[in-house]
Structure formats: C-alpha cells, structure tokens
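**Student:** Shown below is the structure under consideration.
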Amino acid sequence: MSSHSAIRPPNFAILVDAVALTLNDSENMTTLTNDSDLEVTTNDVAVQALDASKCYGDAETLVRALDNVNIEFNAGQFTSIMGPSGSGKSTLLHCLAGLDQLSTGHIWFGDTDLSTLNQQQLTDLRRDRLGFVFQSFNLIPTMTTRENIILPLDLAGQKPDQEWFETVVDSVGLADRLRHRPNELSGGQQQRVAVARALVSKPDVIFADEPTGNLDSRTGKAILSFLQEAVATFGQTTVMVTHDPVAATYADRVVFLKDGRIEDELLNPQVDHVLAAMNRLDG
Amino acid sequence: MDTKLVRHSFRQLLSNKVRLALTSFAIVISVAFVSASLTLSTGISDVIFGWGETQAAGLDLVVEPESPFAPKNFEVSPARVSDDTVELVRSVDGVADARPTLWSNFLFRPTKPDGELVDDKFTVSTFGWVEGSNFEIVDGSPPRSNEFTLDIDTAEANGYIVGETYDMTTPTETRAMRLAATTQFRDPNGTTAGQVVQTISMDELQTELGQPGYVNIHINIEKGSDRSSVEAALQQALPEGLVVLTQQEARSNLRELVAPYAQGFSGGLLGFSALSLFVACFIIYNTFSVLMQQRTRELGLLRAVGASPRQIRTSIQIEAIVLGLGCSIVGIAVGLGISYGISEMFHSAAGFPRPDLALTPTAVALSLLVGTLATLLAVTAPARKACRVPVVNAVRGVQPDTKKTPTVRFIIGSLLAVAGIVSITVGLTADATTRSTVLLLGVGSIFVFFGVALLNSLWIARCSQVLGAPLARLTNVPGRLARDNIGRNRTRSASTAASLMIGLALVSLVLVVGESFKATASTGAESAYKSDNILYNQWDYKYPIAVAEKLEALPEVEQTVAISIDLAEIDGEVQYLTVADQQTASDLIDFDVSERSDMLEGVTHPVIVTEREANEKGIKLGDELETRFYNGTTVELTVVGINRNNAAGGSSYYIDRSTWFEQTKQTTVDIVAIQSAATVTESQFETAMERFEQANAQVNVETIDDFIASTERSINTSLQTINAMMFLAILISFLGITNTLALSISERTTEMGLLRAVGMRRKQLRKALRYEAFLISLFGSLVGVVLGIAFGVGSVVAIPASIVNSVQIPVAQIVILVVLASAASVAAAAVPAWRAAKRRTLDLVNA
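Note that the protein sequences, when read in sequence, are chains L and Y. Everything in the first sequence is counted per numbering that gives the first Met the number 0, starting at 0 for the first residue and increasing by one. Everything in the second sequence is counted per numbering that gives the first Met the number 0, starting at 0 for the first residue and increasing by one.
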C-alpha cells in the first residue's frame, strides 16, 4: 500500500464483498455464485468513493443525487451500476470519472484524490488513465477510425504502441475499417471503435455509460461480450452504468443504487437475481 | 396560428443574445452607412448647388459665350465677354440693368490679422465689384484700387476690421490692401458654401488676370416688359458665339458644372455602403442558415402538428422583416452620427464646409427599405431549405444533405463568374458613358463575387486540407480538427470566407491600381523633365505666366519653360493637351522626337503627338488634326513630330503656346520647369527659391525628387481614405467569422464534450477553434487577394496608358494585408473559443 493508506479510512462493508476475479475463461465465470463467503482477495483498488455526496439546488429544493456513497472498484473487475431513473447512477459514474465534482467526500483514483486536482490535471488524468464509452456520439465525425482510436494518445502527444494498437484493433475486428469515417460505419461498429479507443491508452479504468443503449439487442450483446472479454483478456477494470438487466449480467458484480444510496449488490449476477433485486428496489 | 408561429420564432431569435447582437450589428452598420451616404450627399450637394443658386439669384437673363465643353479648371472662368458687348446688351429694349461679372478662384488670398493665410485648405473666390450685383455691403464702402471686401462670416470669424490694411497674396507678389467693406448676399438664402468670398475692383481683377473682358453678363429686365421678347431681342442683337439664358437655364448650367463633384462624392459613399450591405447579406444568410438547421427538429414538430411549409416560411420571413426593420431604424440613427463624423473629418482635413445634415424622408425610406429587403433576401434561401426537409426527417433531426448538389453549384457559380467577367470586360473596354461603365463594373464584380463564393464551397475543403497541413503537423489534434471542420459545412465556411474575400479583393484592387498609378506618376515625372526643379501651385490652380517670367529674371535661374495642361477637342474627342513654347520646351522637357518634319518653319499650328497615341489613332507625320477649343474656335493642327517619350509633357498632344494664346487668349500656366544656373551652388539656388516662395505665397518650387515624393504622398492619402472605408466591410466580415464560429460551436457541443472527456485540454480546444477561424480567413484572404490582383491588373490594362502605363503589384503590402487579416480572424475567434472552452465538460457531454 502507498503512503496514502495511512489516511484512508478502511471500508469494511466493501471489503467483505470484494472478490478476486481472474477470469481467464467464461466457464469459470458461470460457475461463480452469489455466495457471500467468497474469498477476499488482495487485489488493488482501482477507484474508490468515500462518503461521496452530491447535492443540487438550494436548501428548499435540495436534491441529493449521491448520499454518502462508499464503494470500491477493484482492479481487473467488471462492475455494473444499476438503478431506476434518478437513482444517481450516472452522477456516480461522472464523479468517479472526474467529469463532475462531489459536494462532499472523496474519490480516490488509485493513489490520487480527485478533489485535489485542478481542471487541467483532471483533464490529463482522463486522457492518460481513463477510458470512456458513451451511449451515443462517441466518435469525432471528421476523424477516421484509426484517428478516433488513438485520439487520447494524440492529445497527449504520444505515439501509440503499434503492437498493442494492432492487438486492440484485431480484437474489435476493425482492422479493415481503419480508414473509414464514422458515417461509413454501423452503430455497432461505431461502439466498437469507442471501446477500442477506451482500451488503447491502457487506462486504469474504463467507464461505460449505457454503451448499448442505442443498439439493437444483438449488436448490444456483441459489445458487452467484447467488454467482458477485454476484462478477461487484458484484466481491464471496467465500470458500466446500465438499466438493462441482461446487460448487467455481463459484469462480475452489480451495484444497485436508489435515491443516491447503494441499496444492494450482487456478485456474478444472473438475470433472474438482477430482476429480483430490481423489484426489491422498486418495492 | 401564424401570429403564434411568429411569436415563437421571435422567442428563438431572442434566446441567443450574442448571436442576435452579431447579426443585428451587421445590418445596423450597413444601413448606417447607407443612411449616412444619403444624408451626407444631400447635405454636400446642397452646399455645392447652393453656391450656384446664390449666383443665379435675383437675375432674369444671362448672356454668356457658347462653350462646346467646359475648360479643365472651370474656376479659371476665361473672360470672353467684351465691354462692347456689355454696352450692346444695355442698349437692347427692355433691359433694365446689365452687370458684367468676372471672378477667379486662384488669384487672391488675403492673410488674416495674425499673418496666416485666411484659408489654406479651401477655395477663396474673388469677384470683380459691380454695382447692383448680388453682393450688398454690410459695413464700409465699395472697393477701389488696392482695396478689397470680405464676406461677413469670414471677417467676423477671423477678426478682420474694416479700414485696416492686410497682406494680400497673389501668385506673383504680396501686396498691402485695405479692407473696404464686409459684404453679404442680397439673396437671404445666399451661401458662401464655406468659401472665403471677397471682391476687389473690376479693373484690378482684370489686370491681374492679364486679360480684359468678363465671364458673362447678368441682366435684369424692366418691370412690365416681357421676358421672352427681351430674350428674343437680345438674341437678335448679339453677335454669334454668345447665348442668352433664362435664370432657369443658368441655374441648371451651374448645377451641371458642379454636379460631377457632388455625384462623385455621393457615388463613392453609396458604393461603400452597398459594399458593406453586400457583405452583411452573407452574414445574415449564414446566421439564418444555421438557425434554421438548429431548428430543423422544432420546425419538423410544428409541421407534424399541422403547420404548413408556407406558414413556417411566412413566420421566418416576418421575423426577418421585423429584425431588418428594427436594425434599420437603429442604423439610421447611427448613420446620422457617422455623417456628422465624416463631415467633421472633411472639415478639419480639407476645410470643406459643414453641410446641413438632416434626415430627408427619402433617405429614411430608402434606408429602411434597403435594410429590410437585404435581410429578407438573405433569409429566403435558408427558409425555403428548412421547409423542404421531409417532416419525418425534420422530426428526427436529420439535417438536409448539403453535399447533394455540387454540380448545380458548379454550373451556377461558373455561369455567374463568367457573366461577371464578361460584364467587367465590356465595361472596361467598350466606349460607354461613365454611368454605364460604373454600372457594368459594379454588376460584373458582384456577379464574379457571387460566382466565386459559390465555387468556393466546392474547393474550400480541399484547400483547407492543404493550407491546414502545416498546422496539423505542428499541433496535431487541434490543427487536424480545425482543418477538417472547415469541410463539414462547406457552404457555410465558404460564405464566411466570401465576406472577407470581397473586402480583401477590393483593398488589393485599390492597392494594385494605386501602386501602378504611383509608379506611372513618378517614372513620368522622372523621365519627363531635364530640369532639376519645377514650380507648381499647391492648390492645383493655374497661375499667370508672369510667375515664370519673374523666375527667369532671377540670376540663380538659367532657364524656365512654362507648361499649361488643358483640354481640346481633337478629331472629335476631348483630349488633354500640353501647351509650351516649342522653341524652348525641349531644353527642359525630355521630348524624344523621333521624326521631326522639316516643314516646321512653314507650319503655323504645329502639334507633336506621342508615339503611343499616334500608333493607337493611326496618326502620321504631316497629318492635319481638326481641333476645337473650349471657346468654340477651331484650327487645323499639323503633326510635325512623333514623340517617343510618352511621359514628356503630361499629355498625348503638345502644341505651341502661340497657338493656344491665339485661340483662347489665355496666359495661365500649370507647371514651370526650372533649370538652375550653372554658376550658382545648390544652396545658393535653394535660398533663392525659398525667397521666391516667400514672395509668392501661392507657389511651390520643388526638386523633381521632392515633387515625385509629394505626388506619391497625395496618391497615398487617397488610397488610405478609400481603404479606410473598405475597412468597414472587412470589419463586418470579421463579425461574420465570430458569428459563424459561435454558431458552428453551438452545433458541435456534444462533440466538444467528447473531446474534453477523453482528455482534450481547454487550451487545445481553444486552439482548434482559433485555427479554424484562421484557416477560413486565410482561404478567404488568399482567394480575395488573387481576385483583387486580377481585377487590379485588368483595370490598369484597361485604363488608358496615358493615365496609367505600368502594372505594379505591391507584394509586401498584400502579404501584410493577409497576415493582418489572419491575425484579426484569430482575434475574432477568441471570444467564441473562450466561451466554448470555459464550459464544463459535463454540461457539454449532456447537452
């Protein structure tokens, strides 16, 4: 642990549920169950929210988008965040990703407290250590597939690692589309370019905000499988917000939010468990 | 429904104050200049015409000599009416009073009590005193010998005292004259038009002009007699060559005489306002195109719930009309301010009188109409386009495909450009009146500009790839984004560039023509004279030949040659003509007469023609040229030489002074070439010339080099004035850049959010936007400069070689122009770029 650990309060609730996930094959994943007595691993925490609160409006119209949220996301883990509309799931994602600022509390990104960073440092952090996949409008229309993929590296003035670039491009199956522009690609291909872009800088965490929201279910599944594979193959820490129970099950872990609080959590989720959990939230 | 739609579209318009302000500003400024031009030209015409009216006031008939055309300097007013004629007119039945008139604008300039010249910028008119004229004495008595009177305004403003003696300068000396009286016009509406108006005794004026006689005769008829019968009687009694004019005719003749000055002035101003309006139209068009695109979905919704395309179009048009009207009203008010500013500028720079500036109903109506129509015109295409989108696409927010019709654009653009070039060519080459030439040129260049603006959209994407390549290499993402974004809406980028293109095209046109003019003038002056110095009048008026004689009498001066430049009708065409003594002229003027006829001895009216003119007109040695002078006399000039130095003499025809004097009785000169005596040193000569200038306050003696420098300075001043006006159009086009960029940014909000989210720094984003503006303006500037140079070279070629004969392209100035325009465009982009980069990433992402 780093020197920060001394001032970082332990978060036992999360520690209990933390799981080691070295998912090298899908077989292994499907055998995992939702038991609470899973082994606690020594995996590093990639990103962590501590007493995170986010409020909007003034005293009378106060809305608590996040209400004292404590959560850790371990390195190499694929986490889904679910919850009804207005539950604060997007706010949580935005705050974790340094796009939005907490009212109180801290986001630790590895060893870095995001609240201590200025705008430019946050921008550089997003560029160098984060990957993004949005629901729509993921690509710059004037850039080719290749240019879109290496955009964060270009912005940093770095040359892509050619071998890694090819690995990523091959794995998303876009090798023959590198010179195309977004309007020449299908919706699914566009999202795959977005994922490739998120992967290419070898970020600490990929944040995906409803990445399949605009896709038909088959294309959506392909993207999710691909994300899942990225986690499995490259050990890529991934946090995804979704409202689709099926999509959520591609993750190793599902976190349920309601009214800005974490209400529930499932490991190695199955669709029926997720649906049941959602029903409990609604109830 | 309609009113609701209109109200709705207004809310939209008002929702973005910055956008509204930029668009409005473009309309306001253009209309302001239209209204300022109209107000100023009315005011200034009133001043100029008022002077003519004042002179024609209170008389019934005028007798004056016939003139086939006006002499070069009408202020010289050659006196061609004799005392006998005055007596003859007085003897005609029904004539109550006949007053000969004589005036000069150049002979006398009094000094003020403080010793300075009374008005070193504007005209001093000197009249010979006649009893019963339209002058009346306020205080004092009529001027006798060595006395003068002054108009009461000048006298009061400068503290003259009646009875005191003041220094009066003439071209040949400074003498002491007593102020005999102050005067005013009998006509209560009489105006001095800002001039200093003085009278001296008729004898003295005639002596100074070096010729007896008068300009014309003002006649009042006896009470009760019939004007037309008196007119007929006069006509009968008078010898040939004299005409009788009614007051009406005299007035309209005077008007005609001064009209070119008033027209030239208001025409120039109106031209500039048309230019700024033209540029503003591009901006209004752009704004509404983007507004319509942004509102595609909303307009689709309105149509889905039942609004017809016509209703929507009408609501947009009403919006444009109200915007146009509102801005025009503000523009008229601003225009009044501008016209005060300009008239103050003229007053302080050139001593031009401050005109009465009042908004005429015509000016108001015209400004409102022009501003509103221009706005309406500019929104027509965007409004139609918005309504043509299928409802389904509109509701889904699918943008109309702007890349669909490149061939149509190409065809229309090429046709317009070709039509424009044809019109310009015809205008430049065909023998037409000034008015139709200007019209052909104006319409032609508007066609070319529109054509090229349309064609620009075809190649702006490719050009910006090339222009932006170094930027992309240097700055990577920002440079690439800037370069590629230009191609995204090529029509919009092209029309943004077009407004700058027009401004820079005109400025570089002016620069090319001006520079060529300068080069012609200086090489002309350089190669024209063999003498080391020349003398000329600083107000560009003619002066008595006595000045040259006085100079030649100085021991420091070896020789002088007096040159007059005037007009004559040669072979049916009014031409410039140089007058000098053919025996001595070639001593100091660098004539290069290749063939000289040995007939010179026997020829009474010789003429030497420049080689260029001889080749052009097919004139050969020994030809007889039928020549008519402004007073109507006609002679046959015999060609005795062909002069190969086209610059020598200042015109294509060069005649002997004896011929000129015989025909016109005029002895005034424009320029005197002076050769210093070999026996004196340079400084001795300079001292002598300084002394001469002091004694003859109205003339300048300069070395040839200084003369060239001062000629260039005066050309530069006019260039600067013209370009200062052009600057307005360019300013408007920078507003266009700001506007377009702001609008493009608002379309790309989400995209910018993405860029920021994946790690683009604020600085990088600002850079990308600034570079985009830079590339658009670089493209516009370059196309504009190329067009301007082409127009400029074309004009120089088309202007007769006797006026401009060398094509000069001021490369350095044009490069500076492009650099400045690019720098300004970056500044224009600063605000929208800053506003965009300032926004929080999350807001952009969620937009």
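Positions of the beta carbon are idealized from the N, C-alpha and C atoms, including for glycine. Bear in mind the structure is a predicted one, so any value in this text is a computation, not a measurement.
Per DSSP, what are the beta-bridge partners of residue 257(L) in this structure?
**Tutor:** Locating residue 257(L) in the first sequence gives position 258, counting from the first residue. 260(L), per the DSSP bridge assignment.
**Student:** Does residue 834(Y) come out as helix, strand or coil in the three-state DSSP assignment?
**Tutor:** As a position in the second sequence, residue 834(Y) is number 835, starting the count at 1. Correct three-state label for residue 834(Y): helix.
**Student:** So what's residue 239(L) in DSSP terms, helix, strand or just coil?
**Tutor:** On the first sequence, residue 239(L) is found 240 positions in, with the first residue counted as 1. In the structure shown, residue 239(L) sits in a strand (DSSP, three-state: E or B).
**Student:** Please list the partners that residue 178(L) has in chain Y, where partner means a Cβ-to-Cβ separation under 8 Å.
**Tutor:** Here residue 178(L) refers to the residue found at position 179 of the first sequence. Here the premise fails: no neighbours, minimum Cβ distance about 14 Å.
**Student:** If we define contact as Cβ-Cβ less than 7 Å, is residue 108(L) a contact residue for chain Y?
**Tutor:** Residue 108(L) sits at position 109 when you count from the first residue of the first sequence. No, its Cβ sits nowhere closer than 7 Å to a Cβ of chain Y.
**Student:** Starting from residue 688(Y), follow the alpha helix (DSSP H) in both directions and report where the run begins and ends.
**Tutor:** On the second sequence, position 689 is the one that residue 688(Y) refers to. Per DSSP, residue 688(Y) belongs to the alpha helix (DSSP H) from 681 to 694.
**Student:** Using 10 angstroms around the beta-carbon of residue 216(L), count the other beta-carbons present and answer buried if the total reaches 16, otherwise exposed.
**Tutor:** To locate residue 216(L), count along the first sequence from 1; it is residue 217. Its Cβ having fewer than 16 others within 10 Å, residue 216(L) is exposed.
**Student:** Could you have a look at residue 105(Y) and say whether DSSP puts it in helix, strand or coil?
**Tutor:** Translated into the one-based positions of the second sequence, residue 105(Y) becomes position 106. It is coil, neither helix nor strand.
**Student:** Can you give me, in chain order, the residues of the region 234 to 245 of chain L that have a beta carbon less than 7 Å from any beta carbon in chain Y?
**Tutor:** Cβ contacts with chain Y: none found.
**Student:** Alpha carbon to alpha carbon, what distance is there between residue 249(L) and residue 362(L)?
**Tutor:** Not covered by the structure: residue 362(L). The range shown for chain L is 0 to 282.
**Student:** Give me the subset of the region 112 to 146 of chain L whose CB atoms are less than 9 Å from a CB atom of chain Y, sorted by chain position.
**Tutor:** Those would be 118, 119, 121, 122, 123, 124, 125, 126, 127, 129, 130, 131, 133, 135, 136, 137, 138, 139, 140, 141, 142 and 146, in chain order.
**Student:** Closer than 7 Å, CB to CB, is residue 825(Y) near chain L or not?
**Tutor:** As a position in the second sequence, residue 825(Y) is number 826, starting the count at 1. With 7 Å as the cut-off, residue 825(Y) does not count as an interface residue toward chain L.
**Student:** Counting only Cβ pairs nearer than 8 Å, list the residues of chain Y close to residue 99(L).
**Tutor:** Residue 99(L) sits at position 100 when you count from the first residue of the first sequence. Chain Y residues near residue 99(L): 841.
**Student:** Between residue 151(L) and chain Y, is there a C-beta pair that is closer than 7 Å?
**Tutor:** Along the first sequence, read from residue 1 onward, the residue named residue 151(L) stands at position 152. Yes, contact with chain Y.
**Student:** Return helix, strand or coil for residue 304(Y), following the three-state DSSP convention.
**Tutor:** For the purposes of this step, residue 304(Y) is taken as the residue at position 305 of the second sequence. Note: residue 304(Y) maps to coil in three-state DSSP.
**Student:** On a Cα-Cα basis, can you pick out the residue from 544(Y), 637(Y), 625(Y) and 754(Y) that is closest to residue 665(Y)?
**Tutor:** Against the second sequence, residue 665(Y) aligns to sequence position 666. Nearest option by C-alpha distance: 544(Y).
**Student:** Since residue 483(Y) meets chain L, which of its residues come closer than 8 Å, beta carbon to beta carbon?
**Tutor:** Position 484 of the second sequence, counting from 1, holds the residue named residue 483(Y). Under the 8 Å cutoff, chain L gives 141 and 142.
**Student:** So, for residue 531(Y): in the same chain, excluding its five sequence neighbours on each side, which residues have a beta-carbon less than 7 Å away from its beta-carbon?
**Tutor:** One-based indexing of the second sequence puts residue 531(Y) at position 532. Cβ within range, chain order: 674, 675, 702 and 703.
**Student:** What would DSSP say about residue 664(Y), mapped onto helix, strand or coil?
**Tutor:** Here residue 664(Y) corresponds to residue number 665 of the second sequence, with the count starting at 1. If DSSP states are grouped into helix, strand and coil, residue 664(Y) belongs with coil.
**Student:** Is there contact here, the region 53 to 62 of chain Y with the region 296 to 313 of chain Y, by at least three beta-carbon pairs under 8 Å?
**Tutor:** Touching, no.
**Student:** What is the DSSP secondary structure of residue 95(Y), counted as helix, strand or coil?
**Tutor:** Translated into the one-based positions of the second sequence, residue 95(Y) becomes position 96. Here residue 95(Y) sits in strand by DSSP.
**Student:** Take residue 80(Y) and list the residues in its own chain whose beta-carbon comes closer than 8 Å to its own, dropping the five residues that flank it on each side.
**Tutor:** In the second sequence, counting from the first residue as 1, residue 80(Y) sits at position 81. Here the set comprises 62, 63, 64, 99, 212, 213, 214, 215, 216 and 241.
**Student:** Taking residue 305(Y) as the reference, give the member of 248(Y), 390(Y), 581(Y) and 365(Y) with the closest Cα.
**Tutor:** Along the second sequence, read from residue 1 onward, the residue named residue 305(Y) stands at position 306. Answer by Cα proximity: 390(Y).
**Student:** Cβ closer than 8 Å: which chain Y residues qualify as neighbours of residue 156(L)?
**Tutor:** Here residue 156(L) refers to the residue found at position 157 when the first sequence is read from its first residue. 475, listed in chain order.
**Student:** For a contact defined as C-beta to C-beta under 8 Å, what are the partners of residue 487(Y) on chain L?
**Tutor:** For the purposes of this step, residue 487(Y) is taken as residue 488 along the second sequence, with counting starting at 1. Simply 140 and 141.
**Student:** Looking at the secondary structure, which residues open and close the alpha helix (DSSP H) in which residue 541(Y) lies?
**Tutor:** Within the second sequence, numbered from 1, the residue matching residue 541(Y) stands at position 542. Taken as a continuous stretch (DSSP letters only), residue 541(Y) belongs to no alpha helix (DSSP H), as it is neither H nor E.
**Student:** Closer than 7 Å, CB to CB, is residue 93(L) near chain Y or not?
**Tutor:** In the first sequence, the residue the question calls residue 93(L) occupies position 94. Chain Y contact via Cβ: present.
**Student:** Using 7 Å as the threshold, is the C-beta distance between residue 420(Y) and residue 440(Y) below it?
**Tutor:** For this step, residue 420(Y) is matched to residue 421 along the second sequence. For this step, residue 440(Y) is matched to residue 441 along the second sequence. Not a contact, by the Cβ cut-off of 7 Å.
**Student:** Given a limit of 8 Å on CB to CB distance, which residues of the region 288 to 317 of chain Y reach chain A?
**Tutor:** The displayed structure is made up of protein chains L and Y, and chain A is not among them.
**Student:** Do you know whose CA, among 621(Y), 560(Y), 516(Y) and 50(Y), lies nearest residue 529(Y)'s CA?
**Tutor:** In the second sequence, counting from the first residue as 1, residue 529(Y) sits at position 530. Among 621(Y), 560(Y), 516(Y) and 50(Y), the Cα nearest to that of residue 529(Y) is on 560(Y).
**Student:** Under a three-way DSSP split, which group does residue 83(Y) fall into?
**Tutor:** Along the second sequence, read from residue 1 onward, the residue named residue 83(Y) stands at position 84. Helix, per DSSP.
**Student:** Report yes if the CB atom of residue 26(Y) is closer than 7 Å to the CB atom of residue 279(Y), and no otherwise.
**Tutor:** Residue mapping note: residue 26(Y) aligns to position 27 of the second sequence, counting from 1. Residue mapping note: residue 279(Y) aligns to position 280 of the second sequence, counting from 1. Closer than 7 Å, so yes.
**Student:** Does residue 185(L) get closer than 7 Å to chain Y when you measure Cβ to Cβ?
**Tutor:** Sequence index remark: in the first sequence, residue 185(L) carries index 186 (1-based). No, because no Cβ of chain Y sits closer than 7 Å to the Cβ of residue 185(L).
**Student:** If the cut is a Cβ gap below 7 Å, which residues of chain L does residue 478(Y) touch?
**Tutor:** Along the second sequence, one-based indexing puts residue 478(Y) at 479. Going along chain L, no residue has its Cβ under 7 Å from residue 478(Y), so there is no contact; the nearest lies around 11 Å.
**Student:** Check for me: the beta strand (DSSP E) holding residue 623(Y) runs from which residue to which?
**Tutor:** Residue numbering aside, residue 623(Y) sits at position 624 when the second sequence is read from its first letter. Run containing residue 623(Y): 623 to 627, per the beta strand (DSSP E) assignment.
**Student:** So, for residue 262(L): in the same chain, excluding its five sequence neighbours on each side, which residues have a beta-carbon less than 7 Å away from its beta-carbon?
**Tutor:** As a position in the first sequence, residue 262(L) is number 263, starting the count at 1. Only 255, 256 and 280 meet the Cβ criterion.
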